[in-house]
Each structure stands twice: as C-alpha cells, then as structure tokens.
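Notes for the one structure printed next.
Number of protein chains: 4
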Amino acid sequence: MVKLSENRWGKSGVRISKIHRSDHEDSISDLTLQILLEGDVEPAHIEGDNRSVLPTDTMRNTVYCLAQDSLTDDREAFAGLLCEHFLSRDDVTRAEVSISERLWSRSGPTGFIGGGSETRTATVAQGSGETGIWAGIEGLVVLKTTGSAFVGFPRDQFTVLPEAEDRILATSVTAIWRYSNCPSDTTATWEMARSILLESFFGEWSASVQHQGWLMGTALLDAIPEMEEIDLHMPNQHHLPFDLSRFGMEHKGTVFQPVSEPYGDIGLTVTR
Amino acid sequence: MVKLSENRWGKSGVRISKIHRSDHEDSISDLTLQILLEGDVEPAHIEGDNRSVLPTDTMRNTVYCLAQDSLTDDREAFAGLLCEHFLSRDDVTRAEVSISERLWSRSGPTGFIGGGSETRTATVAQGSGETGIWAGIEGLVVLKTTGSAFVGFPRDQFTVLPEAEDRILATSVTAIWRYSNCPSDTTATWEMARSILLESFFGEWSASVQHQGWLMGTALLDAIPEMEEIDLHMPNQHHLPFDLSRFGMEHKGTVFQPVSEPYGDIGLTVTR
Amino acid sequence: MVKLSENRWGKSGVRISKIHRSDHEDSISDLTLQILLEGDVEPAHIEGDNRSVLPTDTMRNTVYCLAQDSLTDDREAFAGLLCEHFLSRDDVTRAEVSISERLWSRSGPTGFIGGGSETRTATVAQGSGETGIWAGIEGLVVLKTTGSAFVGFPRDQFTVLPEAEDRILATSVTAIWRYSNCPSDTTATWEMARSILLESFFGEWSASVQHQGWLMGTALLDAIPEMEEIDLHMPNQHHLPFDLSRFGMEHKGTVFQPVSEPYGDIGLTVTR
Amino acid sequence: MVKLSENRWGKSGVRISKIHRSDHEDSISDLTLQILLEGDVEPAHIEGDNRSVLPTDTMRNTVYCLAQDSLTDDREAFAGLLCEHFLSRDDVTRAEVSISERLWSRSGPTGFIGGGSETRTATVAQGSGETGIWAGIEGLVVLKTTGSAFVGFPRDQFTVLPEAEDRILATSVTAIWRYSNCPSDTTATWEMARSILLESFFGEWSASVQHQGWLMGTALLDAIPEMEEIDLHMPNQHHLPFDLSRFGMEHKGTVFQPVSEPYGDIGLTVTR
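Residue numbers (our numbering), protein chains in the order written: chain A, 1 to 272; chain B, 1001 to 1272; chain C, 2001 to 2272; chain D, 3001 to 3272.
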C-alpha cells in the first residue's frame, strides 16, 4: 500500500524591494522569500482535486500586498505575519516562510551600494596589433531611490511602457578606461575613479541610463588627465512597480519587483 | 573636447518559447535574444532628450509580437527580420540581433528532455544515527506541450491566476529514493527508474504538479521492489502566455515567456 | 552550560575521472564526491586537540587511491567501501559518502559528449558598421580518452610540465562562423557543422589543442561552401593524472583529477 | 586556400593571493589573471610542431615565480612585467595580460572581510511539526593571514599533509541560530551577532576550523540570551603555498594558490 507521507508546496524566489521613504533619508529592504505550506492535500495528489491547493501565484501576490503596509526591518515579524495569514486557512497545517536579505551600504540619503561582486581590473597589451594600458571596475552595483526619469521617448504599435518622472535606477556598472599615460600611482587613480563614478551616479539627476552614463563618463575624463577614453556598460536592473490595483489597493510608490531578465542593455564610449 | 564615440542600447535576456503545433507532433523553439541598436542619439546622452530612444521594453514586446507569425526554425531569418524592423526607424543606424537556442531532445510527439545538467546520485551512510542507501537523479529537465491542467483551485482576495485546462508543464525533476535492499545491479535499476519517470511524466495526464508527482512516485514504487520511499522535488518552470491582446493581437497558444523566478516549489514523499 | 551537540567534517567537491579501458571501447566515470564524518571530537573543538581529526586532505587522497582498484560503475558499492574504510577508525562514529555523477553520451569507442549546456547561436547585423550573418555552437563539451598528445614544446626555467604522448583531451568547443551567403536551410547546415566538428575531434589524432582546432576548422571550411571564416575557442579542461606514487602505488593511466582552474585558453581563426 | 588568420593561446583563471606582510599590518592581493599570447605558430597548428608553443602550464608557473619579488599593488606594473617577460621570446609577437582583483575590506591588522555575497536570513515556521524562529547570516567571507594552525592530527597511509603552525585561514561562514524567545529588536540582535562572529574569528587563535567554530559559537551563546542553539558551517577556502622549490626558489610565506575544490567541509552545532 503506497501512501503520501509528506507534502509541501509554495513559492520560491519571490523577490521584493520595498523603499521606506522618509523626509531625510530612504532605506531599502531587498528580500527574496520562500513560502512552503503543508496541508490536507491527499485528494490533490491522488485524485487531482485541487480544492485545497492554494495557487503559488496567490502566495506571491500575498507577499507584495501585505508588504505595502506591514513590511518593516523586522524580517522575523513579516515572516510570522505571512505564516499566520496562510495558517488561517483550514486546509493548511503548517507554514514556513524564509527570507533572505541582500545587504546594501548607504551612500547618501537616497543612494545604496550593493557590494560584493566588485572587482578592479587592469589589462596591458604589448607587441604587435593593438597595444595599451586599460584599467577598470566591474560589478559596481548601485541603486538610487530617486533622481532618475525616463519620459519623452518614441512610441510605436508595440510600446506600452508608461512614462516615469521619478523612478528607481539600479545598475551594475562596468567601466573600462584607457590610459594615454600610465598614472604614477595606479591604485590612487583607480580609487579616485571609483569615487567619481559614485558621486556622479548618486549626485546627478538623469533623464535615462544613457544620460546618466554620459554624465559619469565626462566627469571621469574631466578629473583624470591620463584617461583617454572610457567605455561604460550599464545594464538596467529593472525594479517594476508591482500592480496592486488588481487587488483594490493603491500603489504608494514603495513596493517593487526586481527582475533579472530581460534587462535593458546600455553601453557607451566617451572619448577626448 | 569630450565626445560620444560609440553608443548601443537594447534588450538582453529576452526569453521566448514558441510551440510549433501540428497534428502529429509539436516542436519547440526555446530562445534567448539580445537586441542591440545604434543610432543618432547624441541628444539623449548629452541633453537628456529621449525622442530617439526606442524603449528597450518596446524591443522586448516586438520579439513576442513578431514571433507569433514569423518565428520558424530558421533563426537567422528571424534575427534578420528583427534587424529590418528596427532599421526601418529613421533614428536607428545599426541593428544587431543575437539568438541563443537551448536544445531539447524529443521524447514522443509532445515531450522534450532538456539535457545537460542531469546527474546520477548515490549516498551511503553507515555507523550511528541514520543509515541507509539512497540513489537518485537530479536535474532531469522535462517539458510537455500538452497533457497538464490546473483548475478548480481555491480563490481568495489575492488570487488572479486564470484556470488552465491545458498548459505547458516544465520542471527539473529531482528524485531521491531509499533502498530497503540494494539491488544487485544498481546501474540497471537507476536506468529503469529514469525511464519510468519519463514514461509517467510524458504519458500521464495530470491535474497539477502535485498530481504528476504522485503518478511518477507510485509508478516507481510499483516497478522497483527494492525502493522503499521516494522523495520528489519538482519546481514549476513557468511558461507564461505572453499577453498579445495589448497590441490588438489574439494569442494563438504558441508564444510563451519562460520565467526563472519566482517559481512554484512542489515536493512530496511517497512511501510503501 | 554550552555543549557541542553535533559535529561533522569531511571533504566536498572531490572530483575524479576514471577511465575504464578495454580493447574494444573505453568507458568513463566522472564523479564528484562528498565525504562527511562524525566522531568523538569534542577535544578538537573545545581544547584544540587534533588527535582524532583525520585531515580532509587524507580523505581526498583516499578516494583516488581506492578508486584505482575498486571504482566500478556501481556507485553505491564505492560509497559503501569508503564508509567502511573511514569507520574502521576508532574515532569515527558515522560516515556518509555522496556521489554525484556527470553523465556523458558515447560517441565512438573512445569519445564522449557531455551534453547539456550546448546552444545553437545566430547573429545578424545590418546597417552601418560591420554587418553580416554568423552562426555557431557554444558549449559543445567533448572528451576523448586517447588520440591526443603534447610533446616537443619549448622549455624554460619555469617549465615542469612532462611530455605527454597520449593524454585525455577534453574541451568545451565554441565555434562561430560567418556566412558569405546564407544557406537555404540554416538548420540543416548547422547540424552538418556540428557533425563535422564531432567527427574531426573524435576521429583525428592531434599534437595539441591548436592542432586539433585547425583540423576542425579546415574540415568545416572544406565541407560548407557558404562558410567564409570560423573562429574556434577551445579551453583545455585539464584532467591531471593523480600522483599515486606518494602512496607507493603505480599510476595505471586510469585515475585523473579534473580541474576547473586555471585552464589553457586556446583560440584560432581559420579563413578562406 | 584555407589559412590561419588569427591565433592566441594562454592561461586563464590563474588565481594568486599574495600576502604583503609588515610589522604593523598585512595587506593582501587577491588576483585572477589571464595571459594571452600570439606568435608565429603556424607550424603548430598545421603540422603539429610544438617548438614555438610555450606551455600554458609554464605561463602559470611564471606568474607565481615572478609574483614573489615583483607583485605590488600596482596591477598595471605587474601585467606589464609579465608582457615583457613573454615578449622576450622570439616566437611571441604579442602578449596581453589581464588582472581581475577581488577587493577585501580590512578588519584589524591581519583580518579581511570579502564582502558581497553576504545575506541576512530569517525563517519562521508555525503549525504542526517543527516550529520556531531562526535567524542567520550566509556568505560572511573572512580571511586572516595569521592566528590559525593545524598540527597534531592523525596520519595514515594516505596522509601527506604537512603540519602547519601558522597558516592562512579563510572561510565563508554560514551561521543559523534558533531563538527561544524572539528578541525585541531583531535587527540590532542580528548586527550584534555579526560583530561577535567577526571579533571571535579575527581575535581568537585557533587550532583548527573546528576549534575556531566552537569559539565563535560559544561567544554567540554567551552574549545573546535569546539564542538557544547555533549551527555553523565553515567550508575551508584553502590557500595552498605554491611550490617554488621546483624552480630553485625559497617560499617566503607570501605566495599562495587559492583553490575552489575540493574543500574541507566543517560543520558543528552548539547548544545550551
């Protein structure tokens, strides 16, 4: 006699960013949740009767809807709230909610640096063909909660994107520059370049990723005379407002869904 | 004098699955696209004037909309069609479209095996505490274009999922079973287990992932007497119908967007 | 009162390839092992007394040494043998050995294809700048157990590499070719190209990766008239003979350690 | 007529750590290099004549041997030195060396934190079965250049590991603890736990990873009364001294090869 001895169903990889806005500075919760339920679901397994199977899509929606009012920096409290919500159903016997939080470093009132994958690069080529000295930074992850817009773009029959006067802008900057002369202290120059990239990104309002990249590239060329050319790659790490109107709720500009793919892929080269 | 020497913008990581349906057998195109444009976009970079910046979201939509009628197994033809589409705009001077195709092996008229990450596992524990012999398979990626439903589930205030009488079902099966007695030929037994998993998945209609898992688990226990218990983990690799109605088009059941996260996370344990 | 309630130590990520050689055809075991022991090791934790802590490096060596005589295709038997070996020590109370096997498809008596990550690629560029049509294959993983040498290379003060008259050759082929004219059936042409790459790799003896790449590239250009140029990238997936002589054993040409990094990085472009 | 239009060969993924030791504080260079050469190597490709093919293994050795005396924090200078070294050969026409540096944050004179992948975790389970509140930290990467030993371990026929009175210790700490009562401020408690883990790791000498883990676990339980039990997982990120004696050089305790696999896998649970 074969029997179902354990069951569990839920939603994994639920990514949510909540911006906690205040007058003097914003903070951010960047979370990935896993919800796992157990229940009296033998009929679903054995007979295909889904009357007790809460869809995992519903679980996902629940996270975003409850987050708008109830998500604070107390992760355990939000996990507990979700457990209680799902356990209020008769057919759910156990709920387990796990939250994994990506940590950001603050950089000013509305700016954040998502450390970790950042590397310093150096390339030297000698001999025949193309030669030179390049330095760079890869994986400089930055996010700002305001100071970025995207409006006035062309529309065709496939365009549904709404205009955004003020949006979250997040990207992983790769900047590779070529030196006409190698600076005497390459480490100090690299650190100055990194600072300038951050100051420009967090300090200058932009009308697009392209505009932001231009501002960053020209700031670098202005400050570092040995720099001859700079190539910037700034993939747009989209943070989509989660559509709460489907649940009769108003979106208050705080609850977003970060998505990994597809992503806007922007690059530019700025030269003297 | 600083100038913009190169520009490029586009959309990367655009994932699309198209099911080419026919009476005797279906085929599948599982593609990831990158679109990169160049154009006369100095005003966008320098002045923040977006009049020439086709949104990357529009590029993404274009892929799905054109795919319904025009995507065949000629990848180069579809890439060329997209290039021509974008180059028909005055402000685009160059278009480059790259397609990367994941390859599936056919298994029956509507079934496919997405090889590659599949591994055979074996674990033996001896001494104090829990002991035993476990064998298994990890990363058995399977997809069927029909023979799966999900209807009759409960709805609450956060439920918007439509009922699906016939949907794509794709998952990466991890199955770990415990032997009460080790079979004399562990390799032959493992291969039999793999075959049974595939036959059950492709051959048996299911009302949910849970139902499908139960059918697979009981088929294994029925066929292999040394198997005492089987644990199945079957994350739902969602293939969402891309909403073409926003563009005045009817969805013909062929164009889908595979998404990596979040994903439905289903597990069960079947025991004698 | 604080106490140690659980302990476990071992070695993870132990990669071993064993070639089972025979007159008519070879087979391969490509395994990654994890060994986890438990024991009476409170003094090690609390007092730093290591008398009972078998080094994890020893566990690794044990895998390779026992594999030469005892590793067959019965994974559970080898895991059990390792458990028994470690449990024969007085200070070990529990042993758990897990084996994960990467699966290869046979292609001839000494050739194997390691499926999974393989993709078909297509790129079309139109407009200003460089234009054209490229097709390709990425991640075609191949391994042959014989038919590859590397001898007669220059030696300097930093060279210790021994000459190899007959070695394992494994690589993940990326081949990107440019069409002068797009073939009428791009799918059939792509499949022919893949077959030719495999035939050449498995069928032709080579003196180096460079030599192998040249043979593959010229075979393609010979067979497919629309192909104008081909770029091959063939990173060397090294399989190092594990040094058994340190343990008084003779290496019989069957036990290898695959290493991921560093790797030999070979590329070439062949043109008409 | 088919010809070789481009060639390049080299070594990628060459990982090196150099400890710059000084009386008051150490610093670290954690680099991954890629060396790519071009040369007059048609005979190697076409005829299998390797007389001009410097082995990529030699390139790797060259990096470690030259690093001991010449690697400073000027990455471009070291890349240039390597280019010049390889270009001094007649058969090499171009050399390109790329360096990617992982960045560490200093924590005391001999301690470093390798940020980035660090996450805060929280899990709540309610209902039937096991219930509770867990918090934790994953991916806390730490390295110390001194203050760690591993001696006095048992030796068997498969043991060749030398005793180490003073070694580099690096690990990625995962610590998950269970609360008997949820603290009133979970964020403050989590930050205190992180600080204690770092203080213990950097401040306390250890005789093994196990010993280090015990010290960290007991420090946590001593400081945080709500913590009932803590599970630590501390994989050993080995830094192997690169064997320079093969090249007639003395190892000065500064040049190491970090290896990803296999790795020592150590876990423990500490309870009140």
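Note that beta-carbon positions come from the ideal geometry of N, C-alpha and C, so glycine has one too.
Item to complete: Taking only runs that begin and end inside the region 3059-3108 of chain D, name each unbroken alpha helix (DSSP H) of 4 or more residues, in chain order.
Response: 3075-3087
Worksheet item: In three-state terms, what does DSSP make of L3221/D?
Response: helix
Fill in: Beta-carbon proximity list for F2150/C, same chain, < 6 Å, skipping 5 on both sides
Beyond the five residues adjoining it in sequence on each side, F2150/C comes within less than 6 Å, by CB distance, of A2164 and S2208 in the same chain, given in chain order.
Discussion item. Contact criterion: CB-CB distance below 8 Å. Does E1261/B meet it with respect to chain A?
Written reply: yes
Worksheet entry | V2/A: contacting residues in chain D (beta-carbon distance under 7 Å) | Near V2/A there are no residues of chain D at all, since even the closest Cβ is about 22 Å away, more than 7 Å.
Worksheet entry | Residue range of the beta strand (DSSP E) that includes S3027/D | S3027 to G3039
Worksheet entry | Where C3083/D meets chain A, residues with beta-carbon distance less than 8 Å | V124, A125, Q126 and G127
Worksheet item: For the putative contact between E3226/D and P3183/D, defined by C-beta atoms under 8 Å, what is the C-beta separation to the nearest angstrom?
Response: With a contact defined as Cβ atoms closer than 8 Å, E3226/D and P3183/D qualify at about 5 Å.
Fill in: T2145/C, buried or exposed, once every other Cβ within 10 Å from all chains shown has been counted against 16
buried
Worksheet item: To the nearest angstrom, how far is it from the Cα of R1089/B to the Cα of A2125/C?
Response: 15 Å
Item to complete: Identify which residue in D1185/B, L1221/B, S1206/B and N1181/B has its Cα closest to the Cα of I1335/B.
Response: Nothing about residue 1335/B can be read from this structure; chain B reaches only from 1001 to 1272.
Fill in: Chain-ordered chain C contacts of G1013/B [CB-CB under 8 Å]
By Cβ distance, chain C contributes nothing, its closest Cβ being about 14 Å from G1013/B, past 8 Å.
Practice prompt. Could you tell me whether the Cβ of D1074/B comes closer than 8 Å to any Cβ of chain C?
Written response: True, the Cβ-Cβ gap to chain C drops below 8 Å.
Fill in: Boundaries of the beta strand (DSSP E) in which E138/A is found, first to last residue
That run of the beta strand (DSSP E) goes G132 to K144.
Fill in: L1082/B to V1097/B span [Cα, whole Å]
7 Å
Worksheet item: With burial defined as no fewer than 16 other Cβ atoms inside 10 Å of the residue's Cβ, what is the status of H24/A: buried or exposed?
Response: exposed
Worksheet item: Can you tell me where the alpha helix (DSSP H) with W3009/D in it begins and where it stops?
Response: Per DSSP, W3009/D belongs to no alpha helix (DSSP H); it is in the beta strand (DSSP E), K3003 to H3020.
Discussion item. Does any residue of chain A have a CB that is nearer than 8 Å to the CB of E3191/D?
Written reply: By this cut-off, E3191/D is not an interface position.
Worksheet item: If you draw a straight line from the alpha carbon of K2252/C to that of C3065/D, how long is it in whole angstroms?
Response: 32 Å
Discussion item. When you compare the CB of S3107/D with every CB in chain A, is at least one pair closer than 8 Å?
Written reply: no
Worksheet entry | Endpoints, alpha helix (DSSP H) assigned at L2197/C | T2186 to G2203
Item to complete: Please list the partners that C1182/B has in chain C, where partner means a Cβ-to-Cβ separation under 7 Å.
Response: E2076
Worksheet entry | Under 9 Å by beta carbon: chain A residues contacting S3029/D | Here the premise fails: no neighbours, minimum Cβ distance about 10 Å.
Discussion item. With DSSP as the reference, identify every bridge partner of G111/A, one or two as the case may be.
Written reply: Paired residues: K144/A.
Discussion item. Contact defined as beta carbons within less than 8 Å: I believe S2100/C pairs with T2032/C. What is the distance between those atoms, to the nearest angstrom?
Written reply: 5 Å
Practice prompt. Assign H2024/C to one of three DSSP states: helix, strand, or coil.
Written response: coil
Practice prompt. Tell me whether E3165/D sits in a helix, a strand or coil according to DSSP, three-state version.
Written response: Three-state DSSP puts E3165/D in coil, outside helix and strand.
Item to complete: Identify each residue in the region 1158-1182 of chain B for which the Cβ-Cβ distance to at least one residue of chain A is less than 7 Å, and report them in chain order.
Response: F1158, T1159, V1160 and L1161
Worksheet item: Quick one: what's got a C-beta closer than 7 Å to L2071/C's C-beta in the same chain, skipping five residues either side?
Response: K2018, S2029 and F2078
Worksheet item: Where M59/A and L3240/D are concerned, what is the direct C-alpha to C-alpha distance, given to the nearest angstrom?
Response: 47 Å
Worksheet entry | Selection of the region 191-218 of chain A by Cβ proximity to chain D, strictly under 9 Å | none
Worksheet item: How would you write the range of the alpha helix (DSSP H) that H2045/C sits in, first residue to last?
Response: DSSP places H2045/C inside the alpha helix (DSSP H), whose first and last residues are E2042 to E2047.
Item to complete: Measure the C-alpha to C-alpha separation of A122/A and E3204/D and round it to an integer number of angstroms.
Response: 36 Å
Fill in: Range covered by the beta strand (DSSP E) that runs through H1251/B
H1251/B -> no beta strand (DSSP E), and no H or E assigned at all.
Practice prompt. Give the residues of chain D in contact with F2150/C, contact being defined as C-beta atoms less than 9 Å apart.
Written response: N3050, V3053 and P3055
Worksheet item: Helix, strand or coil: which one does DSSP assign to R246/A?
Response: helix
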